[in-house]
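S.K.: To get the working numbering, take the position in the sequence shown, counting from 1, and add 1398. From the three backbone atoms N, C-alpha and C, an ideal C-beta is built for every residue, glycine too. Just so you know, these numbers come straight off a predicted model, no measurement behind them. Structure provided below as structure tokens; questions to follow.
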Amino acid sequence: MKKTLTVVGVIAVAAVLCLVLVGCSAVPNGTYVDSTGLFSYEFSGNNVTIRAGKTLSVSYSGTYSVNKEVDKITFTFGDEDASKYSGEFSFAQDKSAGTVTIAGTVYTKKK
């Protein structure tokens, strides 16, 4: 009986760890573009590149982190020109729709 409880306990712990790991991976990956096509975020690991303009030719690289507990994303850009993009913003991700919402603007993942 004790052995059965131990096995059940180990399985329960493993299941919880799997759920935690899946939940923690809820960060964007890939390129997301706004509806105008004039602004995009490219996420890779903890790095982000923002691009702006008609040809998305203006770009700034930095880092980001997501705090899912409070639905916030924090961007850090070293370039002085990109300082207006640094800071903490509201964040939501809908993986099934392929979108992220940052500071109220919806960005759709490029295929």
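According to DSSP, is K1507 part of a helix, a strand, or is it coil?
M.R.: If DSSP states are grouped into helix, strand and coil, K1507 belongs with the strands.
S.K.: Going by C-alpha to C-alpha distance, which of A1495, A1501 and Q1491 sits closest to P1426?
M.R.: Nearest option by C-alpha distance: Q1491.
S.K.: What do you reckon, are the CB atoms on G1460 and T1447 nearer than 9 Å?
M.R.: Contact: yes.
S.K.: So what's E1467 in DSSP terms, helix, strand or just coil?
M.R.: E1467: coil per DSSP, three-state reduction.
S.K.: Starting from the Cα of F1473, find the closest Cα among E1467, D1479 and S1463 and give me that residue.
M.R.: Out of E1467, D1479 and S1463, S1463 has the C-alpha closest to the C-alpha of F1473.
S.K.: Mind reading off the beta-carbon distance from K1508 to V1431? Whole number of angstroms is fine, and I expect it under 8 Å.
M.R.: About 6 Å; that satisfies the 8 Å criterion.
S.K.: Give every residue of the same chain whose Cβ lies closer than 8 Å to the Cβ of N1445, excluding the five residues on either side of it in the sequence, and list them in chain order.
M.R.: Once the five neighbours on either side are set aside, the close Cβ partners of N1445 are S1459, G1460, T1461 and Y1462.
S.K.: Starting from D1492, follow its DSSP beta bridges and name the residues at the other end.
M.R.: According to DSSP, which records beta bridges pairwise, D1492 is partnered with T1497.
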